[in-house]
Amino acid sequence: MIFPAIKLPCLLFATQHKMDDYGAPDMLYGNLSAEVLRQQYHLRDISTRIDPFTHPNREECARILFDEFRDLSDMFSFYGDYKSLARTMITHMQYGNGAVFSDPLLDQAMAEHSSMQSSLDAILKNIQTYIDWETKTFPESAIQDLTDSIGESYLPRFDNFTDRFNGLGITIHDTWATHITLESLLIKNDFFTVVIKYHIQDHFGLDTEDISNNFYRQFRIFRIWFYLQHVNNNSFKPFISDIFLTKEIRVGPYDKI
């Protein structure tokens, strides 16, 4: 019996969290009064350079806080090829007015990250298992098993030890939404070649759960960040970070996945 072949490109996997989710808790801004920040979230000691609650000039206050924000980020981004991303993204928050952020460095960082391997292995193993070598096709009926395997894998994110000080943990860390698409599948003789596209989004923003966590609140950088994003008289918009990458992989008969 011949089963219908997969139609390409095919979206193999999408997280429950949606793309372009401006209603997410960490995308809120300008929603809290100074009094709420002080009393409910215990944010009284914000900066070593200025008291944002009493400074008379809001523009100057924001400029000073962003300079301190950038300087403090250096303790989380002092090593490797991607350390400049933290300062770049903080500056984007200051001047970008909530525009979507993307950077080839960010794409490269994810493409090279060890966390990519889990979902790639899940895809390749399933394709290898379900390929019809006689018809040189991958059956449409196997897509759900492939999707389930990706869902059980470890999705790409920046959460290993080196990410704590290479700028990736402070700027992205976990991710919000992921789409994985099979762009092409070439089956020839006893090998196959796939082109897989990843679209990953995260939010450069903090929510109230973040700042309520004593671990994060102990760091001045997060107190400044939360203040700049959420204070209702001079807030700055969080933004979505877009990451795009494509993997082309050839798998032969003796390749172990």
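Here the sequence shown is numbered in the working numbering, starting from 8 and rising by one per residue. Ideal placement from N, C-alpha and C gives every residue a C-beta, glycine not left out.
**Report entry** Inter-residue Cα distance where the pair is K254 and K90
**Finding:** Looking up residue 254 in the sequence shown gives position 247. Looking up residue 90 in the sequence shown gives position 83. If I take the Cα positions, the gap works out to 24 Å.
Requested in this report: Figure out for me which residue from F198, S109 and R94 has the closest Cα to the Cα of G259.
Outcome: What you label residue 259 is simply residue 252 of the sequence shown in a count that begins at 1. Here the closest residue by C-alpha is F198.
Query - Segments assigned beta strand (DSSP E), at least 3 residues, entirely inside the stretch 80-114 - result: none
Report task. For K254, name the three-state secondary structure that DSSP assigns. Result -> Numbered from its first residue, the sequence shown carries residue 254 at position 247. Residue state, collapsed to three classes: strand.
Query raised in the report: When DSSP labels each residue in this structure, what does Y261 get in the three-state scheme?
Result: What you label residue 261 is simply residue 254 of the sequence shown in a count that begins at 1. Of the three classes helix, strand and coil, the one that applies to Y261 here is coil, per DSSP.
Query - Selected residue, minimal CA-CA separation from R230, among Y48, G174 and Q208 - result: Locating residue 230 in the sequence shown gives position 223, counting from the first residue. Residue Y48 is the option with its Cα nearest to R230.
Query raised in the report: Is it true that the CB of R65 sits closer than 8 Å to the CB of N239?
Result: Mapped onto the sequence shown, residue 239 falls at position 232. Mapped onto the sequence shown, residue 65 falls at position 58. The answer is no: Cβ separation not under 8 Å.
Query raised in the report: DSSP state of P163, grouped into three classes?
Result: Your numbering for residue 163 matches position 156 in the sequence shown. Looking at P163 - three-state DSSP - the assignment turns out to be coil, as it is neither helix nor strand.
Query raised in the report: Mind checking R56: buried by the 16 CB within 10 Å criterion, or exposed?
Result: Working through the sequence shown from its first residue, we reach residue 56 at position 49. The residue in question, R56, is exposed, as its Cβ has fewer than 16 Cβ neighbours within 10 Å.
Requested in this report: Measure the alpha-carbon distance for N38 versus K244 and round it to whole angstroms.
Outcome: In the sequence shown, residue 38 corresponds to position 31, counting from 1. In the sequence shown, residue 244 corresponds to position 237, counting from 1. Their Cα atoms are separated by approximately 11 Å.
Query raised in the report: Residues bridged to S248 by DSSP?
Result: Position 241 of the sequence shown holds residue 248. F108 and D209.
Query raised in the report: Cα separation between L192 and I207?
Result: Your numbering for residue 192 matches position 185 in the sequence shown. Your numbering for residue 207 matches position 200 in the sequence shown. The straight-line gap from Cα to Cα measures roughly 22 Å.
Query raised in the report: Roughly how many angstroms lie between the CA atoms of K25 and R94, to the nearest whole one?
Result: As a position in the sequence shown, residue 25 is number 18, starting the count at 1. As a position in the sequence shown, residue 94 is number 87, starting the count at 1. Roughly 27 Å separates the two Cα atoms.
Requested in this report: In the DSSP assignment, find the alpha helix (DSSP H) that holds F229 and state where it starts and stops.
Outcome: Locating residue 229 in the sequence shown gives position 222, where the first residue counts as 1. Taken as a continuous stretch (DSSP letters only), the alpha helix (DSSP H) holding F229 covers R227 to H237.
Report task. Assuming L92 and G174 form a contact by the criterion Cβ under 8 Å, report the distance between their Cβ atoms to the nearest whole angstrom. Result -> Here residue 92 refers to the residue found at position 85 of the sequence shown. Here residue 174 refers to the residue found at position 167 of the sequence shown. Yes, they are in contact, since the Cβ atoms of L92 and G174 sit about 5 Å apart, within 8 Å.
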